[in-house]
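Taken in order, the sequence shown gives residues 245 to 630; the numbers are from this note's numbering.
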Amino acid sequence: MIPVGDLMVSRGGSVNPLQFPDEEFDLYSIPAFDAGRPEIALGTEIGSTKQIIQPSDVLLSKIVPHIRRAWVVGDDRGRRLIGSGEWIVFRSEKVFPSYLRHVLVGDPFHQQFMQTVSGVGGSLLRARPAFVASIQIPLPPLGEQRRIAAILDQAEALRTQRRTALALLDILTQSIFLDMFGDPVVNPKGWDAMQFGNGIATSLRNGLSPSTDGKIMAKVLTLSAITGESFNPDAWKLAPFHAEPPAQQAVDENDFLVCRGNGNVKLVGKGYFPSRSFTDVTFPDTIIAARINGQNIKREYLQFIWNSKAVRLQIEALARTTNGTFKVNQMMLERIQILVPPLPLQQTFATRIASIEALKTTHRRALTALDALFASLQQRAFAGQL
């Protein structure tokens, strides 16, 4: 075990790209990481002073630290390599870069890494390099590092393949929707529109708020159940209530669940049908439930168009912000305009995507198993048991 600070670059140098306005740089930034590749940019487009980095350096993001961002700097492509100030830079002949990257995003390191954080929340949270430097990491011989990295790289590649397959299936669903109904933002097929409130069977209802001084512990959904790319049945927690949550507040597969408030305007108003009913899980007051009547809109069609740009634009225009939280209420949701093609056409869409959803379920299960395998491999690798 060694302190990770032994691998940190303390004085790697810096450059102000503005002094070289016509020079192209390879810029390693947080947005570039999220895009999956460094940005090629002219000095005049970059602006502020950046760190000078080298091929095979390992970069660890110190901002928004709960998102595990670490990558290995790529080859020299004939342009100077620079990194934004959000990165902690590691460089040493004692470490194999891919091995170190796996260590930095692994659970044992990340748990200690989060204890070095300061700030008030959100994007203002930062890990403090001086404290990060004291975290101990395993450093076996280079040959063993390469072997471990190869195993973890292979497992990670399998996870990436599953995620790619899921993304392609999402694209296929979108293509089917656009082919059948057109872009709902411009409505090229001239479908009639209705207010969402005219498509519900009963009044919209808010969920049940846990009570900090409650004595009865019960399962309740968290917002992450409906703010991802699909309904997440594992996103629940135990919370205290004054009384046992009533059955009518349980998660029901027939209820369309909508996010009532979120600090991210892109997530407020997102909605999904649960994948199944959960009689022992309630939904919180940060979620609004809608029971559709089925007379003019099918659930599969509703779920897709609700998360489309056409509805998203309306939600963001209606949302109000209080203390940094964007919120919508029942009256706002009832006024959302939704295109309503003929029911037989909606049913055809539902039939077509049923097989796609079955494939996605298979891929999600496989991905869950791969995630568990990867976590196990990481744990064993860094404990010297792989």
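Each residue gets a CB set at the ideal place from its N, CA and C atoms; glycine is no exception.
In this text, all values refer to a predicted model and were calculated from it rather than measured experimentally.
If you draw a straight line from the C-alpha of residue i to the C-alpha of residue j, how long is it?
i, j, result
"S362", "I332", "15 Å"
"T612", "N476", "12 Å"
"L303", "R312", "11 Å"
"T462", "L402", "Before going on, a small fix: residue 462 reads as Ala here, not Thr. Approximately 37 Å between the Cα atoms of the pair."
"D427", "T408", "24 Å"
"F593", "T471", "23 Å"
"P518", "T569", "24 Å"
"M438", "T566", "29 Å"
"S521", "A491", "11 Å"
"P309", "P585", "45 Å"
"L617", "Q263", "49 Å"
"F500", "G434", "26 Å"
"L386", "A494", "54 Å"
"I395", "A487", "50 Å"
"D414", "E601", "9 Å"
"S258", "H354", "28 Å"
"L614", "R624", "15 Å"
"G350", "L587", "49 Å"
"A314", "E289", "24 Å"
"T526", "L511", "21 Å"
"F626", "I246", "13 Å"
"Y516", "I460", "28 Å"
"E388", "L630", "10 Å"
"R504", "G513", "6 Å"
"T360", "L348", "14 Å"
Could you name the residues of the same chain whose beta carbon sits closer than 6 Å to that of residue i, not counting the 5 residues immediately before and after it, in chain order?
i, result
"E267", "G287"
"D319", "P299"
"M576", "L562"
"V429", "K553, A554"
"I379", "V248, Q356"
"S336", "L251"
"P373", "I332"
"T523", "A494"
Considering only residues of the same chain and omitting the five flanking positions on each side of residue i, which have a CB-CB separation below 8 Å?
i, result
"E330", "S273, I274, S305, K306, I307"
"R324", "V259, E267, F269, D270, I296"
"K481", "K463, V464, T466"
"Q547", "F500, G515, Y516, F517"
Please go through the same chain and pick out, in chain order, the residues whose beta-carbon is closer than 7 Å to the beta-carbon of residue i, but skip the five residues on each side of it.
i, result
"A479", "L465, T466, S468, A469"
"A610", "R406"
"D397", "S342"
"D545", "In the sequence as displayed, the identity of residue 545 is Tyr instead of Asp. Excluding positions up to five away in sequence, the list reads Q590, F593, A594."
"Q574", "L448, I532"
"N498", "R535"
"S474", "Y516"
Assuming residue i contacts residue j (C-beta within less than 8 Å), just tell me the rounded distance between them.
i, j, result
"I536", "I444", "6 Å"
"E578", "F440", "6 Å"
"P528", "G451", "5 Å"
"S328", "K294", "6 Å"
"K571", "R564", "6 Å"
"R281", "F340", "About 22 Å separates the two Cβ atoms, so there is no contact after all."
"L583", "I549", "7 Å"
"I541", "I420", "Going by Cβ atoms, the distance from I541 to I420 rounds to 17 Å, so no, they are not a contact pair."
"F277", "D301", "The pair is not a contact, with the Cβ atoms about 13 Å apart (cut-off 8 Å)."
"L383", "K338", "7 Å"
One question on the structure: do residue i and residue j come within less than 7 Å of each other, judged by their Cβ atoms?
i, j, result
"A371", "L621", "no"
"I392", "V248", "no"
"R345", "V316", "yes"
"G256", "I296", "yes"
"L416", "K604", "no"
"S455", "P484", "yes"
"F375", "I326", "no"
Check the Cβ-Cβ distances between residue i and every residue of chain D, and say whether any is below 7 Å.
i, result
"Q355", "The displayed structure is made up of one protein chain only, and chain D is not part of it."
Please specify which runs of the alpha helix (DSSP H), each continuous and at least 4 residues long, are wholly inside the region 496-582, giving them in chain order.
If you keep only unbroken alpha helix (DSSP H) runs of at least 4 residues inside the region 496-582, you get 543-550, 553-562, 574-578.
In chain order, which continuous runs of the beta strand (DSSP E) of length 3 or greater are located wholly inside the region 276-351?
283-286, 294-296, 302-305, 314-316, 324-327, 331-334
Taking the runs of the beta strand (DSSP E) that are 3 residues or longer, which of them lie wholly in the region 416-440?
437-439
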